[in-house]
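Residue numbers (full-length UniProt numbering): 1 to 293.
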């Protein structure tokens with residue numbers, strides 16, 4: 001069964017082929033033709049013989065006279081069968097779409113990335129496949145907002161390949177701030193795919209950021225996270241849960257509270273009032289905007 005992490009990584013690669021191309025050019029200096037006509041194509045690559053090969057995703061760039069096929073594979077662990085199927089996928093897609101084709105493998109951990117980058121000897125003299133591997137070692141740690149805005153696809157990849165990096169909280173905060181500058185229909189989907197690709201504390205931090213960023217809050221995935229949080233709240237007490245969410249939002253949005261205002265929150269005890277403050281806090285720039293009637 002394909003994991004949520006696997007699906008999330010595929011989503012990041014295929015959501016916006018143009019931004020994916022920009023990331024690939026940055027990482028590999030890959031010559032990719034025009035992205036205006038880029039499209040996701042079938043990853044099912046079936047031979048006339050009974051053997052069937054399926055790539056996780058495939059993108060076709062350029063026009064009929066100048067095209068490039070990019071096969072995208074997500075690899076979360078070693079799998080020796082891939083050393084047989086990957087060369088077959090490349091040659092089959094090249095024959096099917098009649099264009100040069102390359103293989104990009106996305107790995108989250110260093111060991112798998114090292115394995116995936118090992119050259120595959122086909123057997124014919126001079127014919128060796130060296131996969132283009134995206135992993136922790138060759139993906140930059142993006143904590144600069146300007147860099148993230150200029151290459152949002154790479155910023156997404158940076159977030160998921162550095163899941164356990166000491167600066168992961170800063171990486172994720174930079175990424176979500178950059179999302180606020182792009183198409184409002186695309187931004188929440190990038191956020192969702194990154195969230196599902198992450199694991200452990202990094203995923204929890206990304207969920208927290210999604211719940212407190214107003215432009216992401218309305219997305220169905222963020223709403224799902226909030227609903228799950230409220231369900232958990234029934235166990236710990238709805239008032240306590242609302243109080244915790246409100247204080248978390250205030251901290252994330254860097255809103256300064258006086259001691260009296262903090263005590264007002266802690267002593268409120270009314271779930272309905274706290275919920276209204278939570279909704280205001282998502283868009284507020286000051287404590288006054290949260291509490292004003």
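Every residue, glycine too, gets a C-beta built ideally from N, C-alpha and C.
- Classified as exposed, residue 130 has fewer than 16 neighbouring CB atoms from the shown chains inside 10 Å of its CB.
- Minimum Cα-Cα distance from residue 147 among the listed residues 133, 107 and 176 corresponds to 176.
- DSSP, reduced to helix, strand and coil, places residue 144 outside both helices and strands of the structure shown, so it counts as coil.
- One thing to note: residue 182 has its Cβ no nearer than 9 Å to the Cβ of residue 97.
- In this structure, the CA atom of residue 11 is about 12 Å from the CA atom of residue 58.
- Fully contained in the region 4 to 76 are the following alpha helix (DSSP H) runs of length 4 or more, in chain order: 4 to 15 and 17 to 28.
- In this structure, DSSP gives residue 121 an extended state, which the three-state scheme calls strand.
- Listed in chain order, the non-local C-beta contacts of residue 149 below 7 Å within the same chain comprise 178 and 181, local neighbours out to five positions each way being set aside.
- Of all alpha-carbon atoms in 291, 269 and 208, the one lying nearest the alpha-carbon of residue 251 is that of 208.
- Shown here for residue 289: same chain residues with a beta carbon closer than 8 Å to its own, the five before and five after excluded, namely 280 and 283 in chain order.
- Excluding sequence positions up to five before and after residue 138, its CB lies within less than 7 Å of the CB of 27, all in the same chain and listed in chain order.
- Secondary structure at residue 257: coil, using DSSP grouped into helix, strand and coil.
- With respect to residue 5, residue 158 sits apart: the two C-beta atoms are not nearer than 9 Å.
- Each of 247, 80 and 55 was checked against the Cα of residue 89, and the nearest Cα belongs to 55.
- A Cβ-Cβ contact shorter than 9 Å links residue 160 with residue 8.
- Closest option to residue 74, judged by alpha-carbon separation, among 14, 261 and 269: 14.
- For residue 194 and residue 156, the gap between their C-alpha atoms comes out near 6 Å.
- Here residue 186 carries a coil assignment [DSSP, helix/strand/coil].
- The C-alpha of residue 142 is placed about 6 Å away from the C-alpha of residue 171.
- Of the candidates 123, 245 and 102, the residue whose Cα lies closest to the Cα of residue 133 is 102.
- In this structure, the CA atom of residue 116 is about 30 Å from the CA atom of residue 36.
- Burial of residue 112 is indicated by the presence of at least 16 other C-beta atoms within 10 angstroms of its C-beta.
- Cα atoms of residue 108 and residue 76: separation of roughly 6 Å, rounded to the nearest angstrom.
- Within the same chain, 13 and 153 come within 6 Å of residue 20 by CB-CB distance, once the 5 residues on both sides are set aside.
- Close CB contacts of residue 105 within its chain, under the 6 Å cut and outside five residues either way in sequence, are with 73, 75, 116, 131 and 133 (chain order).
- Beta-carbon to beta-carbon, residue 38 and residue 60 are separated by about 7 Å, close enough to satisfy the 8 Å threshold.
- For residue 132, no alpha helix (DSSP H) run applies; the uninterrupted beta strand (DSSP E) run containing it begins and ends at 132 to 134, by DSSP.
- Beta-bridge annotation (DSSP): residue 104 is paired with 72 and 132.
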